[in-house]
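Numbering-wise, UniProt numbering puts 102 at position 102 of the sequence shown, and it's gapless, one number per residue.
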Amino acid sequence: LRPSGPPTSSGAQPKKQRCVPTLEEKLAVLDLLRDGMSIANVAHKYGHNESSIRVMSQVREKTSVKTEKALNLWLEDMNYKNTLQLINSTGIHTSFPLNTALCWCIVNINNCIKKEHGLSEFK
Numbered sequence: 001l002r003p004s005g006p007p008t009s010s011g012a013q014p015k016k017q018r019c020v021p022t023l024e025e026k027l028a029v030l031d032l033l034r035d036g037m038s039i040a041n042v043a044h045k046y047g048h049n050e051s052s053i054r055v056m057s058q059v060r061e062k063t064s065v066k067t068e069k070a071l072n073l074w075l076e077d078m079n080y081k082n083t084l085q086l087i088n089s090t091g092i093h094t095s096f097p098l099n100t101a102l103c104w105c106i107v108n109i110n111n112c113i114k115k116e117h118g119l120s121e122f123k
């Protein structure tokens, strides 16, 4: 049996530091996975364990599901309040002061969610 307690200074090796990937690295990993690269190849490329890459992928999937649900609820709420009726595919109503890019994004998100969930109109 080995003695319990800290190792002696003569044979002690420093603890291995934890390697926490940056946000940019996580996004690059998710892009590679989305493009079809295998988890093993991505792990080898970035020098991480496969389980770490799987966790990044699983967290992204859970987050995207929650985000889609929240967007769907928000769009239903906006449609209920007749806010989205002021926005059309070419731009915005002149009395509605929103950024054109934001309006384009809202319209496209609305259309994507309708297509994905088989909805014709939010009412």
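Each residue gets a CB set at the ideal place from its N, CA and C atoms; glycine is no exception.
Looking at residue i: is its Cβ nearer than 8 Å to the Cβ of residue j?
| i | j | result |
| --- | --- | --- |
| residue 57 | residue 33 | yes |
| residue 42 | residue 29 | yes |
| residue 110 | residue 73 | no |
| residue 46 | residue 25 | yes |
| residue 60 | residue 39 | no |
Buried or exposed, going by whether 16 or more other CB atoms sit within 10 Å of the CB of residue i?
| i | result |
| --- | --- |
| residue 108 | exposed |
| residue 94 | At residue 94 the pLDDT is 48, less than 50, meaning the model places this residue with poor confidence; the figure from the coordinates comes in the next sentence. Flag for residue 94 reads exposed. |
| residue 89 | For residue 89, the predicted structure reports a pLDDT of 47, less than 50, and the residue's modelled location is therefore unreliable. A value from the coordinates is still provided. With fewer than 16 Cβ atoms within 10 Å of its Cβ, residue 89 is classed as exposed. |
According to DSSP, simplified to helix, strand and coil, what is residue i?
| i | result |
| --- | --- |
| residue 112 | helix |
| residue 22 | coil |
| residue 95 | Low per-residue confidence applies at residue 95: pLDDT is 48, beneath 50, and the placement is therefore not dependable enough to give any value. |
| residue 44 | helix |
| residue 38 | coil |
| residue 15 | coil |
| residue 81 | coil |
| residue 72 | helix |
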